[in-house]
Amino acid sequence: MKIARLETFSDEFVGFVRVTADTGAIGWGQVSTYNADITCTIFHRQIAPWALGADALDIDGLVDAIVCREHKFPGSYLRRALAGLDTALWDLRGRIEDKPVVALLGGRPGKLRAYASSMKRDITPEDETARFCRLRDEKGFDAFKFRIGSECGGDVDEWPGRTEAIVRGVAGGLGDGVAKLVDANSGFSRERAIEVGRLLEGEGVEHFEEPCFYWDLEATKSVSDALTLDVAGGEQDCDLATWSRIIDMAAVDIVQPDIMYMGGLARTLRVGEMAARRGLACTPHSANLSLVTICTMHLLGAMANAGKYLELSIEGADYYPWQEGLFRGRPFTITEGHVTIPSGPGWGVEINPEWIERATYQSTSTDE
Numbered sequence: 001m002k003i004a005r006l007e008t009f010s011d012e013f014v015g016f017v018r019v020t021a022d023t024g025a026i027g028w029g030q031v032s033t034y035n036a037d038i039t040c041t042i043f044h045r046q047i048a049p050w051a052l053g054a055d056a057l058d059i060d061g062l063v064d065a066i067v068c069r070e071h072k073f074p075g076s077y078l079r080r081a082l083a084g085l086d087t088a089l090w091d092l093r094g095r096i097e098d099k100p101v102v103a104l105l106g107g108r109p110g111k112l113r114a115y116a117s118s119m120k121r122d123i124t125p126e127d128e129t130a131r132f133c134r135l136r137d138e139k140g141f142d143a144f145k146f147r148i149g150s151e152c153g154g155d156v157d158e159w160p161g162r163t164e165a166i167v168r169g170v171a172g173g174l175g176d177g178v179a180k181l182v183d184a185n186s187g188f189s190r191e192r193a194i195e196v197g198r199l200l201e202g203e204g205v206e207h208f209e210e211p212c213f214y215w216d217l218e219a220t221k222s223v224s225d226a227l228t229l230d231v232a233g234g235e236q237d238c239d240l241a242t243w244s245r246i247i248d249m250a251a252v253d254i255v256q257p258d259i260m261y262m263g264g265l266a267r268t269l270r271v272g273e274m275a276a277r278r279g280l281a282c283t284p285h286s287a288n289l290s291l292v293t294i295c296t297m298h299l300l301g302a303m304a305n306a307g308k309y310l311e312l313s314i315e316g317a318d319y320y321p322w323q324e325g326l327f328r329g330r331p332f333t334i335t336e337g338h339v340t341i342p343s344g345p346g347w348g349v350e351i352n353p354e355w356i357e358r359a360t361y362q363s364t365s366t367d368e
């Protein structure tokens, strides 16, 4: 079965991919979010020409072949585009075999514990604590992640004193029996990160994400070595050699590859396998409610070293208006702090045709 047509449907934020085989079978995937219109142009220029005519079921082989063909472009955009092909092919295979992707990976549909992930830094400690308590009471969440420091801030807080205030406020407001996670988004020097880490440990926070500039692996490792809580990271990294280094040097305690940044599920599985060999848990990054969270559900349902949670964004239309209306139905229903892996064929979701009608369309096929 050969790949005969590749189509993209995009706006600035989201880009869906439809693959059609020469048998007429189809699959849906997604390039990485943000500047998705640019990524879709790269998809048709540098991904589709190598994919057309290739075996639609040899996902690993095709992904590797494209990386080799485009070796002059080792960076993020090519991987973000490659994710669209990879995820569409996994969906196609699932539809052909009438199985969810989680089953193709050796797992099975079921429930996943989710942590409520806040993306906001422009929120006061009081308001963040209040909405966490509402979500705990209304949705049953028992794990929450909030933001500290300032994104790539170099020890400059979002406003003076906010980190200390929100750590103490959220920890005190949620109390015992609730998992507390924080994300610094590369906000601190190693010295400041260790200082903040001591505060986190004292307040019962268990997960410290991206404490230092993510590219400074030595700084991150020094923070990991100095603290008893789990240091997590890796969401930005898409190079397998860098991932090997991260894992071999034990820079983090929890690895967080992003399926869409990595170039798809096949390459993310390799990161998970490398981590498993070193006894490290994998809690993938999935910071919005596009297809990345659906794909991550299927991955977590099959990984032997899956982390304790699925990251689930709690930001709605007021913060991420572009993520509204992407799918038919409600694929992200939360019950007692858990979500259910879709059990339908492939990813188990359907893209909203009304969204598709509004999107910018591009096509590459063997007929052109």
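Residue numbers for the sequence shown follow the numbering used here, beginning at 1 and rising by one. All C-beta atoms in this analysis are idealised placements derived from N, C-alpha and C, irrespective of residue type, glycine included. Only a predicted model underlies this, so the values are computations on that prediction, with no experimental measurement involved.
Kindly indicate the opening and closing residues of the alpha helix (DSSP H) around residue i.
i: residue 243; result: 240-248
i: residue 208; result: Element bounds for residue 208: not the alpha helix (DSSP H) but the beta strand (DSSP E), 207-209.
i: residue 135; result: 125-139
i: residue 167; result: 162-174
i: residue 271; result: 265-277
i: residue 83; result: 76-97
i: residue 37; result: 36-42
i: residue 259; result: 259-262
Counting C-beta neighbours from all protein chains within 10 Å, is the total for residue i 16 or more, i.e. buried, or is it exposed?
i: residue 316; result: exposed
i: residue 295; result: buried
i: residue 80; result: buried
i: residue 110; result: exposed
i: residue 249; result: exposed
i: residue 45; result: exposed
i: residue 337; result: buried
i: residue 69; result: exposed
i: residue 257; result: buried
i: residue 304; result: exposed
i: residue 272; result: buried
i: residue 284; result: buried
i: residue 219; result: buried
i: residue 93; result: buried
i: residue 160; result: exposed
Less than 8 Å between CB atoms is the rule here; does residue i satisfy it with respect to chain C?
i: residue 131; result: Here chain C cannot be found, since the structure has a single protein chain.
Distance, Cα to Cα, residue i vs residue j?
i: residue 11; j: residue 328; result: 18 Å
i: residue 156; j: residue 99; result: 49 Å
i: residue 179; j: residue 87; result: 31 Å
i: residue 359; j: residue 340; result: 29 Å
i: residue 82; j: residue 63; result: 7 Å
i: residue 204; j: residue 132; result: 16 Å
i: residue 74; j: residue 193; result: 30 Å
i: residue 34; j: residue 237; result: 16 Å
i: residue 7; j: residue 15; result: 10 Å
i: residue 214; j: residue 107; result: 31 Å
i: residue 230; j: residue 344; result: 35 Å
i: residue 259; j: residue 170; result: 30 Å
i: residue 43; j: residue 26; result: 18 Å
i: residue 210; j: residue 36; result: 25 Å
i: residue 190; j: residue 217; result: 10 Å
i: residue 53; j: residue 2; result: 5 Å
i: residue 307; j: residue 275; result: 11 Å
i: residue 184; j: residue 281; result: 20 Å
i: residue 302; j: residue 101; result: 9 Å
i: residue 310; j: residue 234; result: 16 Å
i: residue 67; j: residue 351; result: 28 Å
i: residue 354; j: residue 224; result: 47 Å
i: residue 333; j: residue 72; result: 42 Å
i: residue 318; j: residue 287; result: 15 Å
i: residue 349; j: residue 20; result: 17 Å
i: residue 24; j: residue 97; result: 14 Å
i: residue 114; j: residue 143; result: 7 Å
Following the continuous beta strand (DSSP E) through residue i, name the residue where it begins and the one where it ends.
i: residue 359; result: That residue, residue 359, is in no beta strand (DSSP E); it is neither H nor E in DSSP.
i: residue 115; result: 111-117
i: residue 8; result: 3-10
i: residue 101; result: Here residue 101 belongs to no beta strand (DSSP E); instead the alpha helix (DSSP H) covers 101-104.
i: residue 200; result: Looking at the DSSP string, residue 200 is not in any beta strand (DSSP E); the run it does join, the alpha helix (DSSP H), is 190-202.
i: residue 286; result: Taken as a continuous stretch (DSSP letters only), residue 286 belongs to no beta strand (DSSP E), as it is neither H nor E.
i: residue 312; result: 310-313
i: residue 143; result: 143-147
i: residue 340; result: 338-340
i: residue 179; result: 179-183
On the DSSP bridge assignment, give the partners of residue i in chain order.
i: residue 370; result: Here the chain has residues from 1 to 368 only, and residue 370 is not among them.
i: residue 55; result: 2
i: residue 28; result: 18
i: residue 306; result: 282
i: residue 327; result: 351
i: residue 346; result: 100
i: residue 363; result: 7
i: residue 254; result: 232, 281
i: residue 335; result: 338
Exercise. Report yes or no: do three or more beta-carbon pairs, one from the stretch 57-74 and one from the stretch 260-267, lie closer than 8 Å?
Key: yes
Quiz item: Per the contact definition of three or more C-beta pairs closer than 8 Å, is the stretch 325-340 in contact with the stretch 195-204?
Solution: no
Practice problem: Inspect the CB distances between the stretch 26-35 and the stretch 284-295 and report whether three or more fall short of 8 Å. | Solution: yes
Exercise. Decide if the stretch 106-125 is in contact with the stretch 157-173; the criterion is three or more beta carbon pairs, one per stretch, under 8 Å apart.
Key: yes
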